[in-house]
Amino acid sequence: MFRNKKSFFKKLGIFLAILGPGIITGSVDNDAGGITTYSVAAAVYGYNLIWTLIPSFIVLVVIQEMNARMGIVTGKGLADLIRENAGVKITFFIFIGLLIADVGNTTTEFAGVAGSMEVFGVSKYISVPIVGFMIWFLVVKGTYKIAERIFLLFSVSLLMYVVSAIMGKPHWGEIGHAIIHPQMEFNAQSLAMIIGLVGTTIAPWMQFYMQSSVIEKGLKMKQYNYSLIDIVVGCVATVVVAFFIMVACASTLHVNGIQINEAKDAALALKPLAGAFASQVFAFGLFIASIFSATILPLATAFYVCEAFGFEAGIDKKWNEAKEFYVLYTGILIVGAAIILVPNAPLIFISLWSQVINGMLLPVVLVCMMLLVNNKKIMGKYVNKPVNNLIGWGAVIILIALSLALLVVPFFS
Amino acid sequence: MTSITTFYLSRIIGQKVQDHYGIYIGTVKDLLVDPDPSNYPTGHPVVKGIKIKYSKNNSFYSFENFHIEKVDGNITIICEQLVELSKDEIANSMYLADAVLDNQIVDLNGRKLVRVNDVRLVTISSGTFAVAVDIGIEGLLRRIGIVKPLKFLAGLWGGTIPSKFILWEDVETIDFSNLNIKLSKSYAKLQTLHPSDLADIIEDLGRKASTQVFSALDEEKAADVMEELDTETQVHILESLSIEKAADVLDKMPADEVADILDALEDDRAEQLLNEMEKDTSQEVRELLVYPDHTVGSIMSSEVMSFNQNATIEKVLEELREKKPEFETLYNLFVTDDNEVLLATFSVRDVVISSPDVQIKQIMKPSPVHLRDYQKINEVAEIVSKYNLLAIPVVDKKNVLKGMVVIDDVIEDLIKKRRTNK
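So the sequence lines, in the order shown, correspond to chains A and B.
Position in the first sequence (from 1) plus 61 gives the number in the numbering used here.
Position in the second sequence (from 1) plus 231 gives the number in the numbering used here.
Right, dumping it as structure tokens:
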């Protein structure tokens with residue numbers, strides 16, 4: 062008994078040491094763009110699209126498991142592997158797309174910062190420059206690791222969406238019904254919404270991030286099982302938070318026929334329906350999620366682009382050693398923040414198009430991943446099992462079909 | 232043919248090959264070079280073979296009968312006669328496109344990993360040679376196929392697109408995706424790098440390549456490099472090497488460093504290694520492993536030189552010459568009694584400036600500043616700085632000399648702390 066207890070604590074210790082990549086990736090997943098998409102989808106379709114979270118969850122787990130396995134086996138980043146095996150042209154296409162989409166996403170994160178602070182009565186002309194400078198300073202001055210941990214702690218506050226959701230007095234019976242009997246309308250708007258939901262849950266840049274953090278943690282094949290738990294916990298957290306955001310918005314906004322364009326609108330609209338507290342909780346969650354992602358996203362993007370094209374990269378390098386990296390990082394941050402400060406900036410257009418580019422990139426990145434993870438030269442005996450391949454290729458095919466359908470359907474309706 | 236033709240590897244790959252009647256005989260997939268630098272004294276490996284794909288078959292031919300001609304910027308590849316390479320020749324070759332292009336190599340002058348955007352080759356009368364690797368932006372844009380319009384645009388603004396080449400003699404290739412390769416590559420050029428630089432490079436390599444490069448080092452170098460690696464890479468390499476080979480490397484390292492590494496390994500593996508190591512070394516390591524983290528004992532070096540106070544300087548010099556201790560061990564010399572209880576210290580300076588017949592007790596400094604083996608590490612830095620010491624003796628509670636803490640280890644500990652605070 063005593064020995065069991067000891068081994069339990071030892072295992073718990075190992076798990077806590079390994080903990081991180083999956084859970085952080087999961088938290089960043091519910092960024093401003095994600096919260097916006099979930100809110101809008103729920104405001105328009107009520108509980109009807111909640112079912113999409115279940116396939117998203119399965120695909121998310123399968124994909125992140127592949128990333129973790131590739132990271133553990135090769136010790137190389139996804140960008141490295143793609144460059145070495147797919148050549149320059151495909152790499153160039155992926156990273157130009159990733160760069161554009163991530164600038165758009167960063168803009169969305171700053172929109173989240175601006176919007177959430179406006180709920181608390183702070184002008185965006187104050188909040189965005191301050192937050193932008195703070196993030197830049199944090200990373201360049203090298204206190205990023207601490208920041209990451211603080212954010213991780215804060216991301217627990219995303220569970221506050223549960224509070225927001227319950228205060229909206231949802232109809233649990235209807236929710237259950239909607240999940241068991243999935244509904245889908247075949248029109249452009251509904252298809253776009255579904256692609257948006259899947260795309261925001263499985264963003265392409267996250268695959269690169271996941272693999273790099275597994276390598277940074279120095280995980281080994283022996284710790285694979287713990288890593289898997291970490292991934293599942295992270296994905297469950299992602300989907301649970303997404304579920305409650307959708308419930309919160311569906312049971313208030315949709316029922317009252319309120320249409321929204323931004324996550325901020327959701328927070329504001331919650332006020333008369335579920336009370337000021339629910340509204341503030343929603344806005345606070347949005348604020349934390351936005352800062353967290355605005356910190357990680359530009360950093361990660363600059364890192365992968367440099368990795369793929371062979372420039373020095375990393376926050377432990379000095380400005381002169383890794384000029385391309387810092388210029389790129391600072392550039393993404395400045396552009397993202399500056400767009401928000403332009404009066405009447407087409408934010409919805411930007412967020413829509415960065416989602417579409419993400420949606421187009423995702424199948425390309427996934428195909429590269431599937432080919433890499435099945436390559437015996439790279440993975441040795443740890444190539445995919447048939448189940449992984451079935452779900453992986455299935456996801457690729459469905460995503461491509463959905464994207465194609467989105468392009469074709471408007472011509473028929 | 233006496234003319235000199237230079238060309239890029241990327242321009243050759245995917246090109247059609249014709250025989251001298253102009254009939255299509257296949258498409259170029261790769262070029263094969265000799266990876267062993269001892270075979271090419273100029274530092275530029277000769278292209279031995281070419282991989283050609285015709286319909287669905289890949290074949291390897293000797294490059295001798297191929298000619299590359301450049302007319303008005305267009306490249307044509309003409310083959311006079313197809314001579315197949317033997318299995319052995321193929322197995323002992325390095326594939327330029329597969330193993331070098333787009334892969335990371337070591338830039339020996341910059342002492343870091345760089346990614347290869349292209350390889351520059353030259354054909355002269357004696358053959359075709361790989362002369363340099365292109366790691367610049369220009370090479371990248373050339374591969375994507377947009378270098379000419381961008382150069383034109385840049386020219387309008389009076390700018391240029393930066394290009395950067397490294398000569399072949401200043402690089403070392405690392406990764407072999409060629410599974411058939413038989414020879415174990417020597418990485419001779421890497422041996423010239425400083426162990427710290429080499430360690431940084433190995434840390435940045437992938438799993439397979441890091442073990443491969445490490446295994447190729449000779450034992451002395453391997454031990455020096457192992458000391459400088461970060462914990463994760465140390466663990467990874469020790470787990471991929473055979474027990475015997477790993478133990479040989481550890482035998483060559485100071486006991487305190489070995490203890491640190493074994494601490495990070497799994498208990499079974501650590502025990503296996505200790506059993507395989509030489510008796511005296513493993514005994515020292517076992518003693519150090521007893522100390523918990525964050526205690527002075529865990530960072531101290533157990534290699535110290537202690538003398539009897541009645542010994543003469545001549546005797547001391549004799550013993551130093553015989554034992555040839557590491558430089559660090561000389562930071563501080565100690566005086567102990569018959570029970571190894573610490574009495575005093577003296578320095579190499581004291582030894583050097585004294586005449587040979589002087590006894591140690593005449594020059595030694597009694598009641599020295601010292602640490603206890605179970606003392607917390609964080610108090611050490613202050614003591615080092617306060618007393619301006621290079622090395623402080625460590626004693627147990629009976630004042631028996633156990634080892635010493637060297638300033639390098641204190642600094643290393645401070646840096647580690649600062650890093651983890653980030």
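A virtual CB, placed ideally from N, CA and C, is assigned to each residue, including glycine.
In the structure shown, the three-state DSSP call for asparagine 340(B) is coil. Contact annotation for asparagine 334(B) against chain A: Glu145 [CB-CB distance below 7 Å, chain order].
Between the alpha carbons of valine 448(A) and valine 434(A) lies a distance of about 13 Å.
Proximity to proline 231(A) across Pro265(A), Leu252(A), Phe304(A) and Glu145(A) peaks at Phe304(A), based on C-alpha coordinates.
Within chain A, the residues placing a beta-carbon under 8 Å from that of glutamate 463(B) are Gly279, ordered along the chain.
Selection Asp261(B), Ser598(B) and Leu645(B) evaluated against leucine 574(B) yields Ser598(B) as nearest (Cα-Cα). One finds nothing in chain B with a Cβ atom closer than 7 Å to the Cβ of phenylalanine 156(A); even the nearest lies about 11 Å away. The beta carbon of isoleucine 157(A) is closer than 8 Å to none in its chain, skipping five residues each way along the sequence.
The straight-line gap separating the alpha-carbon atoms of glycine 341(B) and aspartate 401(B) is approximately 9 Å. The secondary-structure analysis by DSSP pairs alanine 575(B) across a beta bridge with Val566(B) and Pro597(B). Against chain A, a Cβ distance below 9 Å from glycine 280(B) picks out nothing, because the smallest value is about 20 Å. Just measuring C-alpha positions, the residue of Val278(B), Val259(B), Gly367(B) and Lys260(B) sitting nearest proline 266(B) is Val278(B).
Isoleucine 357(A) sits in a helix when the DSSP states are folded into three classes.
With respect to chain A, the C-beta atom of arginine 346(B) has a partner C-beta closer than 9 Å.
Of all alpha-carbon atoms in Ser532(B), Thr464(B), Glu509(B) and Val625(B), the one lying nearest the alpha-carbon of isoleucine 133(A) is that of Thr464(B). Taking isoleucine 355(B) as the centre and dropping the five residues before and after it, the same chain places the C-beta of Ile235 closer than 7 Å to its C-beta, in chain order. A Cβ of chain B is located within less than 9 Å of the beta carbon of phenylalanine 153(A). Contact annotation, glutamate 459(B) with alanine 430(B): C-beta distance approximately 4 Å; criterion of less than 8 Å satisfied.
Assignment of beta strand (DSSP E) within the stretch 243–275 of chain B, counting only whole runs of 3 or more residues, yields 247–250 and 255–264 in chain order. At the C-beta level, alanine 327(A) and phenylalanine 353(A) stay beyond 9 Å of one another. Shown here, methionine 221(A) sits in a helix according to DSSP, grouped into three states. For leucine 219(A) against glycine 346(A), the beta-carbon gap comes to about 5 Å, under 8 Å, which counts as contact.
In terms of beta-carbon proximity, lysine 384(A) stays away from the interface with chain B, with every pair separated by 9 Å or more. Only Phe370 and Gly371 from the stretch 367–393 of chain A bring a Cβ to less than 7 Å from some Cβ of chain B.
Within chain A, the C-beta atoms nearer than 9 Å to that of arginine 438(B) come from Ile133, Val134, Thr135, Gly136 and Lys137, in chain order. Straight across, the Cα-Cα distance linking threonine 169(A) with tyrosine 390(A) is about 16 Å.
Closest in alpha carbon position to isoleucine 401(A), among Ile143(A), Ala104(A) and Gly193(A), is Gly193(A). Residue state for phenylalanine 558(B) is assigned as coil, using DSSP reduced to three classes.
At a cut-off of 9 Å between beta carbons, isoleucine 646(B) makes no contact with chain A. Chain A places no beta carbon closer than 9 Å to that of lysine 260(B), leaving this residue out of the contacts.
Scanning chain A for C-beta atoms nearer than 9 Å to the C-beta of leucine 371(B) yields Val149, Phe153, Phe370 and Gly371, reported in chain order. Unbroken alpha helix (DSSP H) stretches of 4 residues or longer found wholly inside the stretch 334–408 of chain A: 337–370 and 384–402, given in chain order.
By the C-beta density criterion, glycine 257(A) is buried, having at least 16 other C-beta atoms within 10 angstroms. Within its own chain, the residues whose Cβ lies closer than 7 Å to the Cβ of arginine 351(B), once the five positions on either side in sequence are excluded, are Thr237, Tyr239, Val362, Ala363, Asp365 and Phe396, listed in chain order.
Contact annotation: the stretch 114–130 of chain A touches the stretch 291–300 of chain A, with at least three C-beta pairs closer than 8 Å. Within the stretch 117–203 of chain A, the alpha helix (DSSP H) runs of at least 4 residues that lie entirely inside it are, in chain order, 139–180 and 185–201.
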